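Those protein sequences? They're chains U and W, same order as listed.
Position one of the first sequence corresponds to residue 2 (our numbering), numbered consecutively onward.
Position one of the second sequence corresponds to residue 367 (our numbering), numbered consecutively onward.
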Amino acid sequence: MLSYFIKRVLAFIPTLIAASMLIFLFIHLIPGDPAAVLLGDTATPEDIAALTRELGLDEPIWRQYIHWFGGVIQGDLGQSLFFKTPVLSVIADGAETSLLLALMTMTWIVIFGVPIGILSATHHGTWIDQLTSGFAIFFASIPTFWLGLYLILFFAVGLGWFPSSGFPSISDDGGWRNLRYLLLPSLTLAAPNAALIIRLVRSSMLDVAKEDHVRTAKAKGLSPAKIAIKHVFRNALIAVAAAFGFTFAALISEAVVTETVFSLPGVGRLVVQSILRRDYPVIQGVILIIVLLYLSINLIVDLAYGWLDPRVSLQ
Amino acid sequence: MALLEVENLEIAVAGQSEWLPVVEDCSFSVDNNQTLGIVGESGCGKSLTAMAIMGLLEQSQVNITNGKIWLDGENLLDMSAGDRRRIMGDTMSMIFQEPMTSLNPVYRIGDQIVEALRQHRKMTSAEYRTRALQLLEMVNIPDFQQRINSYPHQLSGGQRQRVMIAMALSCDPKLLIADEPTTALDVTVQNEVLELMLDLQRRTGTAIILISHDMGVIAQTCDEVAVMYRGRIIESSTTAGLFANVLHPYTRGLLNSIPAIDSETEWLDAIPGRVPMLEEKLSGCAFHPRCSYSQPKCADTLPAALSIGESHLVRCHFAGELEL
Ligand SMILES: Nc1ncnc2c1ncn2[C@@H]1O[C@H](COP(=O)(O)OP(=O)(O)OP(=O)(O)O)[C@@H](O)[C@H]1O
Ligand SMILES: [Mg+2]
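Here it is in structure tokens:
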């Protein structure tokens, strides 16, 4: 188990190196000159050339990569071209918002996705199932930005129950009440993913319900509720766990949209702004961290898999 | 009254547009210390009959349309679902045809064995464990002290079927239904599993319904036999009585096929033709299209159940008249 874990973590390294090369290459293919963007419309070609040299952007791309990568392995992601501060601290500023948003979103996904999915499966074919399936298909198909805008319109602008945008840091002014700023964004982000989990829990449970061992459980005289949870849902969880990996991938791209719609100072919005500013080091840093996160989530999913299904041996 | 009495049981399955009868006018009984064999070709309704007794039919697909099932003098079909569950796994239990898939892959076998016991009897955890060990030892699982913590995929097919038996016996049932418990196992293991069941019956007095499509297995284990063809019992008797005096041409066909022990294809060859599909409406005796003694009368009228001798019943117009 431990050796499996270590092996898997070591396998991150080649993936990260390959990913970092790709990221570097693609970012430098984006048209537009960072120096020109930084200096604005009034800059002369001489100013731009001077700044380009100062930032080291006139060097061949492979040398820039080696320089950058040398920093990365020492834990230094470089300096933001725009903020002139270390990339790590720029990302850290957005991390609080994004992490809290992710946690709240995951909570909603589990709170709504799992019980409604179970309900849908246990009442399959009835109006309850049709209603929940209808809602699930609706929320899975509407775009995130659309839902976000309508929630703002209704609950923030119309009813005034929640703030419509921004997120004052909890660590700065210490109020957990600030979490209400994240309520609408996290619901927006959770809706399509919870809908997917509902569909998935439902269909996996219906599959498991057909298996022979469920009949054995019935023959023992267990109650329908006990069978649904202990024998059907528990086994369906194996397929659902795998989907949490995909959900996470979807979450990252949707978070970018949601943070932009709700003007949240998170990492997602930072990426969008950094692309507009051609702030190469920040983009590279964020994407590298996302790749690392993604690999870790996959590892966690695989570990969960081995724990949920005794037939899987983690070697 | 015997422990279990099935009276005129009728089961229908959902077809394309209507309910199709699969089991009709089915009556039999079994008492403590007795083993009843139900034998017949694939698809004749053996499993459905077993599931109807056990209470496991999927209501949307399969329905009991008529009949009574008495257990200890109570009609199971009149009971509420909750009352029924109190009996399932306790007073009666079942062993299934598919040992490879009938255990839940995510739980240890020890926990699965005592699950019914947990449901029906209050005991301490230590007592449950002791009982699980005792059951595993009883069904001859080697290294049972370690095996109790194994997962199903770590056991062989024969061992899994033993675990299923241990599971079914955990609450000392009065009635054990074994639906082709050995069909999926190889011949040597088959005999061990059958012996085990009979041995347990000698000790506990459990009534057993043994379902099989193999006359050899039935001859070896059962006190009484009911031969089923397309949803009807066409002949029933004590095992000795049946073998001494076969009255139905179909039973003769089954008996002639004993030598081809476990190969289903050879077995089917022993009786010409095939089992008619459920959708095919048949008038008269359902066996007449395949019967070499068939007369015009056979296609017209359904033969009534004739009582011959003490406990021998047969549904054939020419029972006793044929040289079988
Ligand atoms: N859920 C169901 N829906 C529709 N038809 C069914 C269903 N279950 C069984 N049947 C049909 O009912 C008939 C009897 O099935 P049953 O399982 O009782 O046969 P069997 O005698 O146990 O055969 P085998 O030896 O293959 O186990 C078959 O024709 C089968 O196709
Ligand atoms: Mg069957």
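Where is the CB? At the ideal position from N, CA and C, for every residue including glycine.
Quantities reported herein were computed from a predicted structural model and do not represent experimental measurements.
Relative to ligand 1, even the nearest heavy atom lies 7 angstroms or more away from the CB of H614(W). For A220(U), the nearest CB of chain W lies under 8 angstroms from its own CB, placing it at the interface with that chain. Taking one beta carbon from each stretch, the segment 589-601 of chain W and the segment 421-433 of chain W have fewer than 3 pairs nearer than 8 angstroms; the two do not touch. Annotated three-state conformation of Q80(U) is strand, per DSSP. Proximity of Q556(W) to chain U, defined by a Cβ-Cβ separation below 8 angstroms, is not satisfied.
Straight across, the Cα-Cα distance linking L190(U) with F140(U) is about 11 angstroms. Counting C-beta atoms within 10 angstroms of its own C-beta, A610(W) has fewer than 16 neighbours from the protein chains shown and is therefore classed as exposed. Taken in chain order, the complete beta strand (DSSP E) segments of 3 residues or longer contained in the segment 431-461 of chain W are 458-461. In the three-state reduction of the DSSP assignment, D310(U) falls in the coil class, being assigned neither a helical nor a strand state. With a 10 Å radius around the Cβ and a threshold of 16 neighbouring Cβ atoms, I18(U) comes out exposed. When distances are taken from the beta-carbon of Q485(W) to the heavy atoms of ligand 2, even the shortest one reaches 7 angstroms or more. Relative to ligand 1, Q427(W) has its C-beta within less than 7 angstroms of a heavy atom.
Residue environment: N470(W) is assigned as buried (16 or more neighbouring CB atoms within 10 Å of its CB, all protein chains considered). The alpha helix (DSSP H) runs of length 4 or more contained entirely in the segment 636-682 of chain W are, from start to end of the chain, 662-666. Nearest CB-CB separation between S224(U) and chain W: below the 8 angstroms threshold. Residue burial is scored here from C-beta neighbours: R54(U) has fewer than 16 other C-beta atoms within 10 angstroms and is therefore classed as exposed. Between G79(U) and W69(U) a beta carbon distance of about 6 angstroms is seen, short of the 8 angstroms cut, so the two are scored as contacting. In the DSSP assignment, no residue is bridged to N179(U).
The count of Cβ pairs closer than 8 angstroms, one atom from the segment 233-245 of chain U and one from the segment 193-207 of chain U, reaches three, so the stretches are in contact. For the options G286(U), I129(U) and E260(U), the alpha carbon positioned closest to that of T145(U) is the one of E260(U).
A direct Cα-Cα distance of roughly 20 angstroms separates P32(U) from E47(U). In this structure, the C-beta of D545(W) approaches ligand 2 to less than 7 angstroms from one of its heavy atoms. Contact residues of the segment 594-610 of chain W toward chain U are absent (C-beta to C-beta distance below 8 angstroms). Pairing L180(U) with S99(U), the inter-Cα distance amounts to about 12 angstroms. When DSSP states are grouped into helix, strand and coil, P87(U) belongs to the strand group.
Contact with chain U is absent for L414(W), since none of that chain's Cβ atoms lies less than 8 angstroms from the residue's Cβ. Between T467(W) and H214(U), the beta carbon gap of about 6 angstroms places them in contact (Cβ cut-off 8 angstroms).
Beta-carbon to beta-carbon, G650(W) and C664(W) are separated by about 5 angstroms, close enough to satisfy the 8 angstroms threshold.
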